[in-house]
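J.: Numbering (my numbering), first residue to last: -1 to 246.
#1: How about residue 34 and residue 4: do their beta carbons lie closer than 8 Å?
#2: Tell me which same chain residues have a C-beta within less than 6 Å of the C-beta of residue 105, skipping the five on either side of it?
#3: What would DSSP say about residue 226, mapped onto helix, strand or coil?
#4: Is the region 149 to 163 close to the region 188 to 198, with three or more CB pairs under 8 Å?
#5: Can residue 17 and residue 38 be called in contact, C-beta distance under 8 Å?
#6: Distance check for residue 241 and residue 59, CA to CA, integer angstroms please.
#7: Grouping DSSP H, G and I as helix and E and B as strand, with all else coil, what is residue 69?
#8: Can you tell me where the alpha helix (DSSP H) with residue 203 in it begins and where it stops?
#9: In chain order, what are the residue ranges of uninterrupted beta strand (DSSP E) at least 3 long that sit wholly in the region 0 to 38?
#10: Can you look up residue 169 in the DSSP assignment and give me helix, strand or coil?
#11: On the three-state DSSP scale, how would you describe residue 152?
#12: Does the distance from the C-beta atom of residue 8 to that of residue 43 stay below 8 Å?
#13: Roughly how many angstroms lie between the CA atoms of residue 227 and residue 238, to the nearest whole one?
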């Protein structure tokens, strides 16, 4: 299985990552990626940048070291209403928006409350994907949330870092999530969640997991850049126009 897009990467600007966007692009090129998304943590995460940082991504070129760059964010879900910590006017300017539950911002509650938060985030219409949903600190009703994600055309992320050193205990839950996505026809995205350039484009654990559950190729949006761009067009975003005519 070939994956050509990494939809979840961090730079120094996140406060606890260690590479620049140039270094990430170099790593992406070396791995043979065609596209990556710049998704630093939004403002309520300790050490994260001011919201101007996200709005000002318009200065970034559309290609770095021959790899396409999408301008994005990993926003924090802040309450059970599904609000995130970046204003809608800024979110509307971004190509790609992940929303995630993070312990420093959203104190773990009950499975019912986590389910409510995720459903309301999905229904808000401002996020393109739910980030690292396998975190065992945030149990939720897998079937209910993933069905609603499919209905609202929001992607479910399979996160390579969750299958490794981060969020210990996520791996079996990620497998359950992948199987549920397969069952209900929910599309997925794949993110390295790299906090260091060497991890950009690392999908080794994701590929093993997806092969293990025989995940349908047609539900994976990151095997080719155009597939992800087409998805974003479906969501009313115009970023595909920036790459029109490019020979991938």
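Beta carbons are placed, not taken as given, at the ideal position from N, Cα and C, and that holds for glycine.
T.: According to the structure data:
#1: Closer than 8 Å, so yes.
#2: For residue 105, where only same-chain residues beyond five positions count, there are no Cβ hits under 6 Å.
#3: Assigned with DSSP and collapsed to three states, residue 226 falls in helix.
#4: In short, these stretches touch, since the Cβ pair count reaches three.
#5: No, they are not a contact pair.
#6: Counting only the Cα atoms, residue 241 lies some 12 Å from residue 59.
#7: Three-state result, residue 69: strand.
#8: Here the alpha helix (DSSP H) through residue 203 covers 202 to 210.
#9: Those beta strand (DSSP E) runs which fall completely within the region 0 to 38 and span 3+ residues are 3 to 7, 33 to 36.
#10: Reduced to three states, the DSSP call for residue 169 is helix.
#11: Here residue 152 sits in coil by DSSP.
#12: Residue 8 places its beta carbon 8 Å or farther from that of residue 43.
#13: Cα-Cα distance, rounded: 5 Å.
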